[in-house]
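Residue numbers (full-length UniProt numbering), protein chains in the order written: chain A, 1 to 334; chain B, 1 to 334; chain C, 1 to 334; chain D, 1 to 334.
There are 4 protein chains.
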Amino acid sequence: MSSNRVLNAAVLGATGTVGQRFIVLLSQNPMFKIHSLGASERSAGKPYAQATRWKMSEQMPENVRNIVVKSCDPALYEGCDVVFSGLDASVAGDVEKAFLESEFAVFSNAKNYRMAEDVPLCVPVVNTDHYAVVAAQRAARDKFGPISRVIVTTLQAVSGAGYPGVASLDILDNIVPLISGEEPKMEAEVLKILGGVSSDASVCSPLQDLRVSATCNRVPVVDGHTECVSLEFAGEPPSIDAIKQCLREYTCEAQDLGCFSAPAQVINVSEEEDRPQPRLDRNAGAGMSVTVGRIRPCPVFHVRFTLLVHNTILGAAGASILNAEYAAKKGYIV
Amino acid sequence: MSSNRVLNAAVLGATGTVGQRFIVLLSQNPMFKIHSLGASERSAGKPYAQATRWKMSEQMPENVRNIVVKSCDPALYEGCDVVFSGLDASVAGDVEKAFLESEFAVFSNAKNYRMAEDVPLCVPVVNTDHYAVVAAQRAARDKFGPISRVIVTTLQAVSGAGYPGVASLDILDNIVPLISGEEPKMEAEVLKILGGVSSDASVCSPLQDLRVSATCNRVPVVDGHTECVSLEFAGEPPSIDAIKQCLREYTCEAQDLGCFSAPAQVINVSEEEDRPQPRLDRNAGAGMSVTVGRIRPCPVFHVRFTLLVHNTILGAAGASILNAEYAAKKGYIV
Amino acid sequence: MSSNRVLNAAVLGATGTVGQRFIVLLSQNPMFKIHSLGASERSAGKPYAQATRWKMSEQMPENVRNIVVKSCDPALYEGCDVVFSGLDASVAGDVEKAFLESEFAVFSNAKNYRMAEDVPLCVPVVNTDHYAVVAAQRAARDKFGPISRVIVTTLQAVSGAGYPGVASLDILDNIVPLISGEEPKMEAEVLKILGGVSSDASVCSPLQDLRVSATCNRVPVVDGHTECVSLEFAGEPPSIDAIKQCLREYTCEAQDLGCFSAPAQVINVSEEEDRPQPRLDRNAGAGMSVTVGRIRPCPVFHVRFTLLVHNTILGAAGASILNAEYAAKKGYIV
Amino acid sequence: MSSNRVLNAAVLGATGTVGQRFIVLLSQNPMFKIHSLGASERSAGKPYAQATRWKMSEQMPENVRNIVVKSCDPALYEGCDVVFSGLDASVAGDVEKAFLESEFAVFSNAKNYRMAEDVPLCVPVVNTDHYAVVAAQRAARDKFGPISRVIVTTLQAVSGAGYPGVASLDILDNIVPLISGEEPKMEAEVLKILGGVSSDASVCSPLQDLRVSATCNRVPVVDGHTECVSLEFAGEPPSIDAIKQCLREYTCEAQDLGCFSAPAQVINVSEEEDRPQPRLDRNAGAGMSVTVGRIRPCPVFHVRFTLLVHNTILGAAGASILNAEYAAKKGYIV
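As structure tokens, then:
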């Protein structure tokens with residue numbers, strides 16, 4: 001398939017917050033045209049504008065207002081080249097399976113199949129909402145040898161929990177020191193993302209020798225996850241300047257391929273002492289760049305830093321779209 | 001001096017937020033009577049109610065409304081047994097020195113002399129706004145051998161910066177990933193607090209073999225500092241249950257002496273998986289207890305947990321008052 | 001019945017946020033003893049501590065932890081003298097009716113029967129969460145003749161919506177300019193509260209000649225409703241000073257009867273130009289006082305002012321408890 | 001002067017938040033080129049990137065980073081066609097006077113000369129941060145006869161107070177019911193904006209017969225002022241539908257002239273019952289549109305509604321820029 005044809009895209013879970021973000025991003029994307037919108041039976045049959053309580057700060061794109069929402073039955077999605085899933089994990093499992101069995105190319109934010117041995121956790125530029133550690137690890141492994149230990153504490157935005165998600169009584173003038181299931185997910189996913197594939201390319205093989213401790217907090221911030229990271233290298237640690245340069249120079253194949261959603265700069269290294277900050281830095285690179293700041297020696301490990309990622313763009317819908325762009329450019333979507 | 005006499009107390013910096021907190025706490029304290037209030041030249045000569053923009057959620061105690069504020073000249077404080085300083089660090093140095101030279105017993109929140117070799121960083125029950133790590137360390141050292149490494153990330157309330165302190169534009173829908181000077185202060189103070197004194201009791205000798213890495217963030221919370229801690233023991237680590245029991249059983253001399261401000265329970269160990277939370281737990285023990293929760297194994301070090309402390313009570317004015325109670329009970333205030 | 005006997009109290013909806021507030025207040029109240037706790041079938045049969053996710057900043061009273069929660073069947077509440085209902089409006093209708101038919105004295109926060117012709121909207125000291133306008137009206141009517149027109153804009157705290165209530169994504173860095181059903185409720189209730197009773201005392205007769213326009217907003221505040229009010233008097237308006245004095249001198253029968261929950265000062269008149277503020281003033285009078293400030297001439301009507309009321313204490317559970325105290329003192333609870 | 005020449009613009013107060021907003025907006029504006037940046041003596045002589053703590057969520061435009069900041073002496077601004085002033089009111093008076101005397105065209109946000117008899121409060125599309133009442137009034141006056149009385153309560157964002165502006169301790173979990181000087185300013189300015197000019201065009205003549213009562217609150221919102229308005233017409237009131245249509249059809253000369261900053265839709269009329277909301281609607285029309293919702297009958301006056309305006313764009317820098325565009329198109333800038 002030529003990578004230049006405009007692809008017809010479906011968005012499943014289109015009325016939810018992740019679905020709404022998909023719609024905002026796709027409506028600005030030259031590679032995709034929104035063709036179909038899927039949601040629950042309750043919404044099916046209604047024009048999108050009527051089925052949806054729009055919660056984005058961008059206005060609802062005119063061209064989706066009158067698209068009639070369908071239920072999530074693959075038989076109804078003929079003509080779609082790509083399916084983006086913003087479904088909630090509680091239903092994503094069965095629905096995505098059905099679409100896969102009908103041979104659709106599915107790009108999902110849901111966590112259901114992320115750790116399945118034969119499902120890749122793709123990283124075209126980016127990966128999860130905890131991306132920069134990964135990029136740092138990759139960059140470091142290539143240049144400085146592997147990282148052996150990571151301790152990370154996150155300060156995560158409420159939009160990560162969807163809508164209605166976090167109750168206001170839980171988060172105004174408050175911190176919630178637990179995000180259920182997030183810590184083991186984060187500790188496991190990073191090993192898979194950084195791992196390899198088996199020699200016959202049939203299964204993923206996670207890293208074995210990296211130890212990660214993640215503590216995840218919910219904070220009263222709308223968008224943008226902040227992470228405070230301390231790293232230990234297995235061997236001789238590089239200098240702080242070498243690390244900064246390595247992060248600044250980090251590029252990815254999606255950029256080289258000219259993918260629309262790939263940011264000009266994958267990792268912004270900030271030299272200002274009080275950055276990154278979610279309200280000021282989350283929209284860097286249209287929400288597709290990571291900002292890393294406060295890179296400095298760690299008195300316990302080798303280096304520590306603070307990173308910021310826009311959790312609903314780079315950490316969710318934006319990454320799925322870039323994955324799809326990458327897959328199309330590479331000819332994986334037939 | 002008998003410990004049962006009511007002591008006349010002066011509050012320096014009485015119009016500021018720390019000073020206001022001193023006044024609220026002292027007005028409920030049977031051991032002290034507010035005798036004198038000191039502030040800047042601008043306030044001197046005015047009745048307290050007029051000189052002050054009251055910012056506490058408790059009402060201004062009636063009996064201080066008409067006390068005429070004095071300037072901070074020791075000659076004006078005759079009759080005071082104890083001097084509490086809520087002065088800003090920018091002026092605390094000279095003023096506190098003058099009071100000391102006039103032989104007043106000064107209990108200060110200011111950081112100016114904290115690391116001076118001949119000034120104790122006293123811990124009657126408590127110490128600084130980063131107390132529980134200290135208590136955990138002490139408890140652990142006594143029971144399980146020393147802690148070798150600590151990595152801590154803090155989420156600190158805005159009241160820690162005084163008034164006006166943090167600008168609302170910096171903290172609404174935002175995190176500030178730097179608190180200027182806080183990280184080295186925290187990393188150094190913990191060593192002094194846990195250290196010993198020289199054999200002739202003339203100087204403090206900080207711990208040498210504990211390594212601490214602190215990353216400090218400002219978060220949109222009014223009161224209550226949250227800290228996410230990972231610990232490594234030098235030797236064989238105790239079980240999680242042993243650690244919990246050790247923290248629960250932790251007591252201090254100030255409790256035994258019956259100090260009014262000593263909490264019934266120094267450390268509350270929470271078994272709820274999403275606690276401590278600043279809005280819900282900061283007032284435990286009238287703000288003088290620490291709450292520790294999420295005590296669990298750390299995949300990188302031995303144990304990790306989250307703790308909460310009321311930064312302007314246990315972490316500031318309350319600790320100074322308890323120090324003074326303790327000193328009086330022990331006969332150190334003559 | 002003697003008013004000095006301790007009354008056995010039941011709390012329905014005990015696991016919700018209004019129910020939790022009832023429990024905190026009743027546990028400090030000398031007139032009532034918590035005897036029974038009622039909630040949904042899902043909670044029935046479990047000890048209270050296990051059935052409840054405690055969300056108060058006060059700790060759960062020890063003596064309720066082990067009370068086994070019952071379902072809301074009147075047959076199970078033998079021995080209860082008073083029933084407090086913190087039930088949600090969706091179930092309060094049927095349940096409260098059943099308790100009334102079983103001849104329990106029910107004090108409810110739910111709105112279901114508030115406007116029924118034969119149900120009083122009682123005002124011992126206080127009434128609804130929009131109390132001070134009422135008190136001002138009553139005070140003014142007595143002293144200055146009736147008020148003819150009121151325009152009020154509210155800024156209401158999220159706790160008014162219960163738990164989970166307002167989603168954090170709706171209120172962080174935001175205002176919601178609608179509280180569904182609140183404006184007509186407020187406009188109608190004030191007429192009933194200020195109205196009279198028919199000559200045979202069988203039905204309430206709302207005021208006819210007062211016009212009220214209420215606009216209700218939800219704001220990112222945890223507790224405390226703020227209201228900006230402009231008033232027009234039917235006749236010659238009193239001076240600003242006369243209004244202030246009238247509000248300051250306002251007392252109620254519940255105070256005279258020595259009801260435990262009646263505040264010393266029903267209405268605090270603040271002379272500070274930037275008060276009342278919810279965080280600083282909501283706890284005045286243990287949450288049972290109203291604070292009124294910024295009383296000044298209105299260029300359009302006669303007078304305007306800003307008032308603050310603690311919506312979950314004076315505006316909800318506290319008012320019900322005071323109603324019950326008042327009813328008991330007056331011998332209405334047999 | 002041809003309106004198509006790119007004009008050289010200076011920004012005074014360039015390092016402050018209003019100045020930063022000017023720079024963001026001007027860098028995207030085809031009509032102006034940033035030529036000079038002025039600030040206090042402390043900043044003068046430094047490259048802009050070094051002199052400024054950048055607080056915008058947009059990145060600092062590359063082409064201003066190296067512009068050397070000047071002091072605010074008109075002699076240094078040769079070659080500038082237009083001067084935008086984001087100066088603080090404390091210094092704007094003298095500086096703007098000096099620039100005017102040197103015959104610069106000055107477009108200012110400062111309030112110093114707003115009420116001077118010979119200074120117009122220009123309204124190309126928009127006017128102040130309380131614009132929609134004005135537009136409604138104008139639209140209504142033209143179509144329905146004049147408005148006689150307005151009662152408005154505002155919920156204003158913290159960015160309106162500049163930086164550092166509102167202290168976080170004053171606004172987290174809180175409302176501040178006073179914005180010093182704002183109410184009389186608002187009550188007076190609306191009369192001037194809606195007024196006429198004398199027959200010889202030498203002085204402005206404010207409206208005489210409109211009465212306005214404004215109550216202004218600060219709320220924990222970053223950007224976007226919300227206003228709750230009740231209006232009375234002098235004569236027969238129009239229907240709600242007629243009002244909506246009138247607002248929707250409202251256009252202005254700046255649109256007709258094709259000014260770059262004029263929004264496509266001056267007033268967005270929302271039919272959703274819970275809009276406008278600051279976080280969702282402030283960026284409508286790139287921050288240059290007003291959103292009006294909840295238009296409904298008022299039980300006291302004739303109509304009431306809620307409006308939202310982006311206070312630092314339409315309410316400040318954006319309005320000044322549009323004023324300058326309009327003036328240039330009309331040939332007022334020579």
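All C-beta atoms, glycine included, are put in the ideal place defined by N, C-alpha and C.
Chain C partners of residue i, CB-CB under 7 angstroms?
i, result
"ARG304 (chain D)", "SER213, THR215"
Out of the options, which one is the CA nearest neighbour of residue i?
i, options, result
"SER108 (chain B)", "B:ASP274, B:VAL18, B:GLU249, B:ARG304", "B:VAL18"
"CYS259 (chain C)", "C:SER102, C:GLU325, C:TYR48", "C:GLU325"
"LYS111 (chain A)", "A:ILE151, A:GLY160, A:VAL68, A:LYS70", "A:GLY160"
"VAL64 (chain C)", "C:TYR48, C:CYS72, C:TYR77", "C:TYR48"
"ALA10 (chain B)", "B:GLN50, B:GLU62, B:GLU96", "B:GLU96"
"ALA264 (chain D)", "D:LYS244, D:SER270, D:GLN277, D:ALA286", "D:ALA286"
"LEU172 (chain C)", "C:PRO220, C:LYS143, C:GLN156", "C:PRO220"
"GLU236 (chain A)", "A:ALA327, A:LEU7, A:SER148, A:VAL82", "A:SER148"
"ALA284 (chain B)", "B:ALA328, B:LEU314, B:HIS302", "B:LEU314"
"GLU103 (chain C)", "C:ILE179, C:PRO74, C:ILE151", "C:PRO74"
"GLY145 (chain C)", "C:ALA14, C:LEU257, C:ALA234", "C:ALA234"
"ARG218 (chain C)", "D:ILE240, D:ARG275, D:GLU249", "D:ARG275"
"PHE307 (chain A)", "A:SER239, A:GLU272, A:LYS33, A:THR15", "Per the sequence presented here, residue 307 (chain A) reads as Leu, with Phe not at that position. If we check each option's Cα against that of LEU307 (chain A), A:GLU272 comes out closest."
"HIS310 (chain D)", "D:LEU322, D:GLY165, D:ARG279", "D:ARG279"
Give me the DSSP bridge partner(s) of residue i.
i, result
"ASN70 (chain A)", "The amino acid at residue 70 (chain A) is misidentified as Asn; the sequence shows Lys. Paired residues: A:GLY38."
"PHE305 (chain C)", "C:VAL229"
"ILE147 (chain B)", "B:PHE233"
"SER85 (chain A)", "A:LEU12, A:SER108"
"ILE267 (chain D)", "D:VAL290"
"residue 335 (chain D)", "Here chain D covers residues 1 to 334 and nothing more, so residue 335 (chain D) does not appear."
"THR215 (chain A)", "A:THR153"
"ALA167 (chain A)", "C:ALA167"
"LYS33 (chain B)", "B:ASN8"
"VAL176 (chain B)", "B:ARG218"
"PRO61 (chain A)", "Beta-bridge pairing links PRO61 (chain A) to no other residue."
Using a cut-off of 7 angstroms between C-beta atoms, extract the partners of residue i located in chain A.
i, result
"SER230 (chain B)", "ILE151, SER213"
"ALA226 (chain B)", "The residue you asked about is not Ala; residue 226 (chain B) is Thr in the sequence shown. The contacting residues are ILE175, PRO177."
If the cut is a Cβ gap below 8 angstroms, which residues of chain C does residue i touch?
i, result
"VAL222 (chain A)", "LEU169, LEU172, ASP173"
"PRO146 (chain D)", "Here the premise fails: no neighbours, minimum Cβ distance about 15 angstroms."
Quick one: which chain B residues come within Cβ less than 8 angstroms of residue i?
i, result
"VAL290 (chain A)", "Near VAL290 (chain A) there are no residues of chain B at all, since even the closest Cβ is about 14 angstroms away, more than 8 angstroms."
Residue i versus chain B: which residues are under 7 angstroms apart at the beta carbon?
i, result
"GLU273 (chain A)", "LEU178"
Nearer than 7 angstroms: is that true of the beta carbon of residue i relative to any heavy atom of the ligand HEM?
i, result
"GLY181 (chain B)", "The ligand HEM is not part of this structure, which contains no ligands at all."
For residue i, go through chain A and note every residue whose CB falls closer than 9 angstroms to its CB, in chain order.
i, result
"ARG5 (chain B)", "Within chain A, no residue comes near ARG5 (chain B); the closest Cβ sits about 40 angstroms away, beyond 9 angstroms."
query: Using a Cβ cut-off of 7 angstroms, which residues of the segment 157-186 of chain A contact any Cβ in chain B, in chain order?
result: ASP173, ASN174, ILE175, VAL176, PRO177, LEU178
Interfacial residues, the segment 56-79 of chain B to chain C, with Cβ spacing under 8 angstroms
MET56, SER57, GLU58, GLN59
Below 9 angstroms between beta carbons is the criterion; list the residues of the segment 275-287 of chain A that meet it against any residue of chain D, in chain order. ARG279, LEU280, ASP281, ARG282, ASN283, ALA284
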